Amino acid sequence: MSGPVGRPKSGSKLLKAQEQTSFIEAPWENGFLVKRGEQVRFFRKWRSDISSLDRLIDFLKCAAWLVVSPRANWNSRDVNMNRSRLLQAALALIITLGGANGVRAETGQLRIAQQFGIAYLPLIVASEKGLIEEEAKALGIAPPKIEWLRLSGAAAMNEALISGGLDFATAGITPMILTWDKTRTTAKIIGVAALGSMANILTTNNPNIKTLADFTEKDRIALPSVKVGFQPIVLQMAADKAFGKYDKLDELTVSMPHPDATAQILSGHSEITAHFTSPPFSQQQLASGKVHQVLNSYDVLGGPHTFNVVYSTTKFVNDNPKTILAFVRGLDRANEWIKANPKDAAALYIKAEGSKLAPDFVESIIRDKDVNFTTAPEGAQKFADFEAKVGLIKQAPASWRDLFWSGLGEKPGS
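Residue 70 in the UniProt record's numbering sits at position 70 of the sequence shown; the count goes up by one each step and never skips.
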């Protein structure tokens, strides 16, 4: 920090009341504290490179210096105020400064990207019913203007988020962990909430494929995003168990959105012979009778696990605590509504997605005992431990809580 700030330059408005004013020279880089009669005022230099929060922190340091430092030279002839009264005045000034400048206002907009599938139903419900905006109002902040976007795959999500094109990205929990590890010293990605737990299914239209060992170099496995997506990581976990080589099947995978991959695998006239997918696409394919199941992700993990998550940058989360809370509370309300109204939730999904699926079929997925819409993470530590084991991340977190916003810490997770 630089030395004491000098008196104002000639021509300054402060000099107009120089005789009635005591200029307090303190280790203050951004302005002057001025004593005028019984009032203490702060005159701030214009600085475009510091935030309101930084100014408040600097002022606190200055106030402490005024109270405890003998250099302040507060005596009865200069200032008719003892140190106790000075402290009261300084605190009042802090409050005034905070009221005038305020801690940084929370964002007025939210850019949320989602992918395809019923796993994103909580976001659809929250959007259609305005639940996030309602929770923002309840917390005393202006409802953010929300822009809902569509992207496919974790790679596209991460690129948009890190470049500043998104506020909330959505993807499988496994790619989120990869990004969390890679950005520890840069963008510092962190999970905001889980979207739910549900099994993913590896399907194939090749009758010769019964297990992973039956895949050949002629086969192609469609995934939303190769290597960094949820499905490829689970496929690697399965390959690690089956072959002792986690990346054995990587060369067979290709990136393709779920709707496109479903159309191609059902057509039977494509290089795509397998598809690692999620509800409702997995159920739709199996119901056609043209494909069969090769493996279930719950079997690979040994039980239920979080499928998709919402994540952001640590800076955005820290800068907008009430917005984050409003968002998670909005999702919680959406999940409660889905569980209480599965039929209506199915109808809402079909309308929002323009889906041609039968309402009863979608409702059956929502009612499935293996589908659980919740913001609490499940199985996150297992994924992180595997990724650390095979060197996909440098070090596993000590707890699943390290991967997520602190507000989720009270939820029952794993």
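Every residue gets a Cβ at the ideal spot worked out from N, C-alpha and C, and that includes glycine. Here the structure is a predicted model, which means the values were calculated and not measured.
Spatial neighbours of F215 in its own chain (CB-CB distance under 7 Å, excluding positions within 5 residues in sequence) are listed in chain order as I209, L249, L252. The Cβ atoms of I366 and A346 sit closer than 8 Å to each other. In the three-state scheme derived from DSSP, where H, G and I count as helix and E and B as strand, G196 is classed as strand. Straight through space, the alpha carbons of V192 and F404 are spaced by roughly 6 Å. Here K382 is buried. Its C-beta has 16 or more other C-beta atoms within 10 Å. Minimum Cα-Cα distance from E128 among the listed residues P412, W400, I338, Q395 corresponds to I338. Put simply, the backbone Cα of I350 is about 30 Å away from that of L301. When F316, Q284, D181 are compared, the shortest CA-CA separation from S163 is found for F316. As computed with DSSP, Q236 is found in no beta bridge at all.
As DSSP reads the structure, Y311 sits in a beta bridge with A169, G191.
Taking A287 as the centre and dropping the five residues before and after it, the same chain places the C-beta of F361 closer than 8 Å to its C-beta, in chain order. For the 8 Å CB-CB criterion, A274 and V254 do not form a contact. According to the DSSP assignment, K322 belongs to the alpha helix (DSSP H) that extends over 321-340. Between the C-alpha atoms of E135 and V125 there is a straight-line separation of about 14 Å.
Distance from the Cα of A388 is smallest, within the candidate group P280, K182, H269, N308, for K182. H305 counts as buried, since at least 16 other C-beta atoms from the protein chains shown sit within 10 angstroms of its C-beta.
Within the DSSP secondary-structure output, Q114 pairs in a beta bridge with R150. Per DSSP, reduced to three states, the secondary structure at N205 is coil, with no helix or strand assignment. Rounded to the nearest whole angstrom, the CA to CA distance from I324 to G172 is 20 Å. Annotated three-state conformation of S282 is helix, per DSSP.
Counting the other Cβ atoms within 10 Å of the Cβ of A376 gives 16 or more, which makes it buried.
Taking 8 Å as the cut-off, the Cβ atoms of L212 and A239 count as close. Bridge pairing for K145: Q109 [DSSP].
Judged by DSSP secondary structure, L123 falls within the alpha helix (DSSP H) whose first and last residues are 121-129. Judged by DSSP in its simplified three-state form, V294 adopts strand.
Rounded to the nearest angstrom, the Cβ distance from A334 to P122 is 4 Å, consistent with a contact under 8 Å. In the DSSP assignment, F276 falls within the beta strand (DSSP E) that extends over 274-277. Under the criterion of beta carbons closer than 8 Å, G229 and P280 do not qualify as touching, at roughly 18 Å. Per DSSP, the continuous beta strand (DSSP E) segment holding V254 begins and ends at 253-255.
In the DSSP assignment, I366 falls outside any beta strand (DSSP E) and within the unbroken alpha helix (DSSP H) covering 359-367.
Partner residues in the beta bridge of T306, as assigned by DSSP, are S197. About 6 Å separates the beta carbons of L392 and L178, which is inside the 8 Å limit, making them a contact pair.
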